[in-house]
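Beneath this line is the structure, given in structure tokens, with notes to follow.
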Amino acid sequence: MGTIWKAVRSAVLAACLGTGGAAVAAPHEINVFSDEMEEPGEIGLDMHVNYARGRVTPDFASEIPPDKALRLMPEVVFGLRKDWEVGLHLPMQRDRDGGFHADGFRIRLKHMFPKAKATAFFSGVNIEYGHDRPHLSADRHNFELRGILGWRTDHWLVAVNPILSWVLSGENKSSRPDFDASLKIARELRPGLAFGIEYYSGFGALANFAPRNEQDRMLYFAVDYEGKGWGINFGIGTGLTPASDDRVIKSVISIPFK
């Protein structure tokens, strides 16, 4: 128990010392990656659903403001081999006026590094390419490199994701990546049911972080439930800075196909 509490304290300090990037809307995927993987040959469906209250004015000419937007993203995940999986994301949204929009696509590859059976520590990496429609982002093509670090015991999960993201085209194209970080701490109360917090922060460009009042930081109170043949992660979040959305409700519904 002492080891896990040291991990919790270290992770909280690492995330909370972070600042955020420029104002952004809640992403389609609000999720901290851990050591969960599809088995080789198995297919899973994750449905990401988010609803935000916040900014009503666009950040750029073609943007759909995030206030009262319902964002949906089905994700198909396939287990390639042991400790490897690939995922295809198809983001979409319903705007505050009832209009429906396809937002592009994303494809990712996740790998978890082998670990000794006796250790609670896990690590891995996720790489992702995204193509965004003009109403979602002024920058059409982007690439993300996400680290996956954490500790899992019988009753505790602590996961941290340091993230580097590059804009590959558009007015914000740069060789200097943005840096984000996310944190999840969860306590299992009984088999299949866990409660905890999730924290997301955007630091802005490396070596050029945004001013504090322009940072995007969100704190969620979350519950994870694993039922027979399905699971859900549900969270209610609040913005911690003026640049963040005021409130966000998010969920990820998972259905494995053997």
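If you read the sequence shown in the working numbering, its first letter stands for residue 730, the second for the next number, and so on. For every residue, glycine included, the Cβ atom is placed at its ideal position computed from N, Cα and C. It should be emphasised that the depicted structure is a prediction, and the values quoted were computed from it without experimental measurement.
Go to residue i, then tell me how far its beta strand (DSSP E) extends in each direction, as first and last residue.
i	result
Leu799	Leu799 to Arg810
Met821	Met821 to Arg823
Arg916	Asp907 to Arg919
His870	His870 to Arg881
Ala831	Phe829 to Ala831
Gly816	Trp813 to His818
Gly958	First-last for Gly958: undefined, no H or E at that position.
Leu922	Leu922 to Ala934
Are the C-beta of residue i and some C-beta of chain B separated by less than 7 Å?
i	result
Phe834	The structure shown contains no chain B; it holds only a single protein chain.
Residue i by DSSP, collapsed to three states: which one?
i	result
Arg784	coil
Arg941	helix
Pro985	strand
Lys839	strand
Ala849	coil
Leu897	coil
Gly964	strand
Met766	coil
Asn855	strand
Arg862	coil
Lys844	coil
Ala972	coil
Ser980	strand
Val761	coil
What is the C-beta distance between residue i and residue j, in whole angstroms, given that I count them as a contact (C-beta under 8 Å)?
i	j	result
Gly783	Asp909	Contact flag wrong, Cβ pair sits at about 18 Å.
Val887	Trp880	5 Å
Lys797	Arg825	4 Å
Ser983	Val761	Going by Cβ atoms, the distance from Ser983 to Val761 rounds to 14 Å, so no, they are not a contact pair.
Arg869	Gly899	6 Å
By Cβ distance below 6 Å, which residues in the same chain neighbour residue i in space, the five residues on each side in sequence not counted?
i	result
Trp813	His840
Leu838	Val815 and Ile856
Ser763	Gly879 and Ala888
Ser852	Phe842 and Leu878
Lys979	Ile759, Asn779 and Gly964
Asp775	Glu804, Val981 and Ser983
Val753	Confidence in Val753 is poor, its pLDDT being 48 and thus under 50, which makes the residue's placement unreliable; the coordinate value appears in the next sentence. So the qualifying residues of the chain are Asp945.
Ala751	Here Ala751 scores only 38 on pLDDT, less than 50, and its place in the model should not be relied on; the value that follows carries that caveat. Ala939 and Glu943, listed in sequence order.
Val952	Phe924 and Phe963
For residue i, which residues of its own chain have a beta-carbon under 7 Å away from its beta-carbon, when the five flanking residues on both sides are left out?
i	result
Phe807	Glu767, Ile772, Glu814 and Val815
Pro906	Leu893, Ser894, Trp895 and Leu935
Take residue i and list the residues in its own chain whose beta-carbon comes closer than 8 Å to its own, dropping the five residues that flank it on each side.
i	result
Gly958	Ile984 and Pro985
Phe670	Residue coverage of the chain in this structure runs from 730 to 987, which leaves residue 670 outside it and unanswerable.
Arg976	Ala781, Arg782, Gly783, Ile965, Gly966, Thr967 and Gly968
Gly956	Gly921
Any heavy atom of the ligand NAP closer than 6 Å to the Cβ of residue i?
i	result
Asp824	The model depicted lacks the ligand NAP and carries no ligand whatsoever.
Worksheet entry | Three-pair Cβ contact test at 8 Å for the region 961–973 versus the region 789–803 | Between the region 961–973 and the region 789–803 there are fewer than three inter-stretch CB-CB distances shorter than 8 Å, so the stretches are not counted as touching.
Worksheet item: Counting pairs of Cβ atoms below 8 Å between the region 767–776 and the region 893–907, do you hit three or more?
Response: Short answer: they don't touch.
Discussion item. For the region 939–953 against the region 922–931, do three or more pairs of beta-carbon atoms, one drawn from each stretch, fall closer than 8 Å, so that the two count as touching?
Written reply: Three or more Cβ pairs closer than 8 Å define a contact, and the region 939–953 meets that threshold against the region 922–931.
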